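Here's the structure we're looking at; comments come further down.
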Amino acid sequence: MFGKKRKIKRYLTEKTQELYSQFYYVLDDFINKQLKKKLRDIGLSRIEIHVDGTQDLSV
1084 MFGKKRKIKR YLTEKTQELY SQFYYVLDDF INKQLKKKLR DIGLSRIEIH
1134 VDGTQDLSV
């Protein structure tokens, strides 16, 4: 009984982290594209944007 609960908990934890990671990268990509578009619209298209993906975004 306890072994099954541990396996389920581990599985759900891994899946949650995997989905959160995918969501973070999609959100990051969207924000970067929107920001670059806005900068280009106001004439600042030569600015390079670098995002540090190593930040801990734990809730």
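According to my numbering, the stretch in the sequence shown is residues 1084 to 1142, in order.
All residues carry an ideal CB built from backbone N, CA and C; glycine is no exception.
Computed from a prediction, not measured in an experiment: that's the story for all the values here.
task = Could you tell me the distance, in whole angstroms, from the CA atom of LEU1110 to the CA atom of PHE1085?
result = 37 Å
ask   = Quick one: Cα of ASN1115 to Cα of TYR1107, how far?
value = 12 Å
query = From VAL1142 to ARG1093, what does the alpha carbon distance come to, in whole angstroms?
reply = Only weak support exists for where VAL1142 lies, its pLDDT of 46 falling under 50; the coordinates are left without a value.
ask   = For the alpha helix (DSSP H) that LEU1122 lies in, which residues bound it at each end?
value = 1085 to 1124
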